[in-house]
Structures are given as structure tokens and as C-alpha cells.
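Right, one structure below, let's go through it.
Protein chains: 2
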Amino acid sequence: MALQESGEMYLETILILGKRRSFVRAIDISEEMGYSKPSVSRAVGLLKSGGYITVDDGGCIALTEAGLAVAEKIYERHTLLTELLVCLGVDEKTAADDACRIEHHISDKSFEAIKRHAGQSGEHKRWSK
Amino acid sequence: MALQESGEMYLETILILGKRRSFVRAIDISEEMGYSKPSVSRAVGLLKSGGYITVDDGGCIALTEAGLAVAEKIYERHTLLTELLVCLGVDEKTAADDACRIEHHISDKSFEAIKRHAGQSGEHKRWSK
DNA sequence: TTGACAAGTTAGCTCCCGCTAACTATAATG
DNA sequence: CATTATAGTTAGCGGGAGCTAACTTGTCAA
Chain V
79 MALQESGEMY
89 LETILILGKR
99 RSFVRAIDIS
109 EEMGYSKPSV
119 SRAVGLLKSG
129 GYITVDDGGC
139 IALTEAGLAV
149 AEKIYERHTL
159 LTELLVCLGV
169 DEKTAADDAC
179 RIEHHISDKS
189 FEAIKRHAGQ
199 SGEHKRWSK
Chain U
79 MALQESGEMY
89 LETILILGKR
99 RSFVRAIDIS
109 EEMGYSKPSV
119 SRAVGLLKSG
129 GYITVDDGGC
139 IALTEAGLAV
149 AEKIYERHTL
159 LTELLVCLGV
169 DEKTAADDAC
179 RIEHHISDKS
189 FEAIKRHAGQ
199 SGEHKRWSK
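Chains V and U, in that order, give the protein sequences.
Taking the numbering used here as reference, the numbering of the first sequence is continuous, increasing by one, and the terminal residue is 207.
Taking the numbering used here as reference, the numbering of the second sequence is continuous, increasing by one, and the terminal residue is 207.
Encoded structure:
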């Protein structure tokens, strides 16, 4: 079961929610992403059977190592890409939205290259004209 | 009928094929994209009814104004993003593949910002460290 | 003329991933 | 205790976009 863009989004959301609250349930994901409960329910089932998350009796969701790895990878892309776009003069909202889509479509190689460039340009400052 | 990523890819491919040969048929698209004839047939039908292409009696496909606008927009993104990634040290193949996916997910705002930055950095040269 | 190939279409399948409607199970509350 | 709210699940729909199998059509060469 290879992860789709959709699965990556769920994992990233679980990571983010976990930073904000002590536990994450399906309903929290549902509210955060604006998806219906059944949609989340199915996604959670798939991620669980794929070994990306665990769900305890109380319905609390936790990332496994595999899930955390994916979530952190995507989250890093999201953060850096957003920053970068903002530095280039894009408004926060647009930057975040775009980063949110691009983060799933960029290869490790390209992302590392961008990261290197951003780093070299003085902690991103050179990205602002 | 709003254009999906898939539709954009077909239009871009038609544009590119048109630069290489005098006419473009469904079969050419099929070979270029590696998709089956029925898949292309359906896509062509949708693009036609969406007003993005015209198909003459001989099966030759041409972009309408609307189709050309989309194709050129996507193609410009493709070209610039690929160049950029290559400048950052990414190999041609990876750069092109990534550009090919990102080109459909970036907003006009962000793309313009990147373009501006690339332009200012001395015709992309500053992108290479 | 006939037979073969090339191009395109039709029918129908699969997977992904949203959705609603409706049900279940568990608390919380009057 | 009965009611209501909350959380989750099941069943089934719809649209996007690939695929194969099989059919049609037109052209061209033996």
C-alpha cells in the first residue's frame, strides 16, 4: 500500500494536531481538514492497516515510526516551501496553499537542492529580493 | 468543465507535439504520453467538448485559443521550473519530472514571484550557487 | 478484390477519494 | 431512567482517470 497524496495529507495533519493537543481523534482530523467523518474513518483505516498509525481503544490516533517519518518529511517541505514563497513576496495564505500542494509532488533530490540553496542564501534572507 | 491536472497535461503535450510535427493525432499523444488509445480518445473528447481543442475530419487535433492559453501557461511553468531546478544542481531528468508535477499545482501568484526572482538573479545564473 | 494494418471508438472494469444517509455505541444530563 | 449529544462505522454514490477487449473504418498493397 503505497501512500497517496491524500494519505500524506492525513499524516501531516495528525502530526500538526498532535503538536496542538494531547490526543488526536478522527473527529479532530475531520474538523481540521474539513472532511466528513466517513471519509476520515476510511482514511484512518487505511493508514492503520498500512502501518502508519495506531488507534487505541479510546479512538486516539498516534503516528508509528513510519507514519512519523512521512509526516515530518512532508511538514518540513511545507514549512520551508511556505517560507520561501513568502520571502519571494507571496502572501501567507497563497504561499501556504501552494506549499501544501507542491510538498507532495517534489522529489527528495529537488527538495534537498532547494533547501541547500535556501540555506546558502543566508537563512533565506537572500530569497527576498 | 474545469480542467484537471490530466487535461492540462494533454494540452501541454499537444502543444509540444505541434512544435515537432505538422499535425497531431490521438495516436501521437498516445505514444508520447504512454497512455492507451481509449484513454486518449476519451480525454480528446472531453477537451473538445470543453472547447480546448478542435478535431478535424482527418483526426488532426488543434488547440483553440483557450487550449493554447492553458498549454502555454503550463509549458512556461515547465520550462522555467526545470531550468531552475537544474541550476540548483538537480539532474535534468529529475528536474523535468518534478517540474512536470509542480507545474499543475502552483498558483499564478507564486509562479510570478519565482519568475521575478529568477529574472532578477541575472537570467537564472544566481540560482546556481 | 481481398486481406491486413492503422487509427479511433465503445463498453465496461478498477482504483482513488470525496460525499450523504443511516446506524451503533457510549457518555452526559435532566 | 430516558433523552440527547458525540464519535465512529457501514453501505452505497459519483466523478476523475487509467486500463483491456473487442469492434469499426479507412487505406493500401498483394
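Glycine is no exception: its CB is placed at the ideal position from the N, C-alpha and C atoms.
Residue burial classification, residue i (beta-carbon count within 10 angstroms, cutoff 16)
{"i": "A196(U)", "result": "buried"}
{"i": "E90(U)", "result": "buried"}
{"i": "S188(U)", "result": "buried"}
{"i": "T157(V)", "result": "exposed"}
{"i": "S100(V)", "result": "exposed"}
{"i": "G85(V)", "result": "buried"}
{"i": "A80(U)", "result": "exposed"}
{"i": "T160(V)", "result": "buried"}
{"i": "I105(U)", "result": "exposed"}
{"i": "S108(V)", "result": "buried"}
is_contact[residue i, chain V] using C-beta, thresh 7 Å
{"i": "H156(U)", "result": "no"}
{"i": "A104(U)", "result": "no"}
{"i": "S188(U)", "result": "yes"}
{"i": "S84(U)", "result": "no"}
{"i": "K207(U)", "result": "Bear in mind that a pLDDT of 38 at K207(U), under 50, signals an unreliable position, so the number given afterwards is only what the model happens to contain. Taking Cβ atoms only, chain V reaches closer than 7 Å to K207(U), which makes this a yes."}
{"i": "I152(U)", "result": "no"}
{"i": "T172(U)", "result": "yes"}
Pick from the options that is closest to residue i, judged by C-alpha positions
{"i": "A177(U)", "options": "E154(U), M111(U) and S108(U)", "result": "E154(U)"}
{"i": "E150(U)", "options": "V164(U), I92(U) and Y113(U)", "result": "I92(U)"}
{"i": "E208(V)", "options": "I131(U), A191(U) and S119(U)", "result": "Past the boundaries of the shown model lies residue 208(V); chain V is included only from 79 to 207, so the question cannot be answered."}
{"i": "I94(V)", "options": "R194(V), Y113(V), I152(V) and R179(V)", "result": "I152(V)"}
{"i": "M87(U)", "options": "V102(U), S119(U) and R179(U)", "result": "R179(U)"}
{"i": "L82(U)", "options": "K97(U), E110(U) and A121(U)", "result": "Inspection of the sequence shows that residue 82(U) is occupied by Gln rather than by Leu. Per the Cα distances, A121(U)."}
{"i": "I131(V)", "options": "Q198(V), L166(V) and R103(V)", "result": "R103(V)"}
Neighbour flag for residue i against chain U, beta carbons, 7 Å
{"i": "R99(V)", "result": "no"}
{"i": "G167(V)", "result": "yes"}
{"i": "L163(V)", "result": "yes"}
{"i": "A191(V)", "result": "yes"}
{"i": "R179(V)", "result": "yes"}
{"i": "D135(V)", "result": "no"}
{"i": "T160(V)", "result": "no"}
{"i": "I184(V)", "result": "yes"}
Beta-ladder partner(s) of residue i, from DSSP
{"i": "I180(U)", "result": "For I180(U), which the question treats as bridged, DSSP gives no partner whatsoever."}
{"i": "V133(U)", "result": "I139(U)"}
Three or more C-beta pairs below 8 Å linking the stretch 114 to 127 of chain U and the stretch 171 to 188 of chain U
no
Using 8 Å as the threshold, is the stretch 130 to 146 of chain V in touch with the stretch 144 to 151 of chain U, meaning 3 or more CB pairs across them?
no
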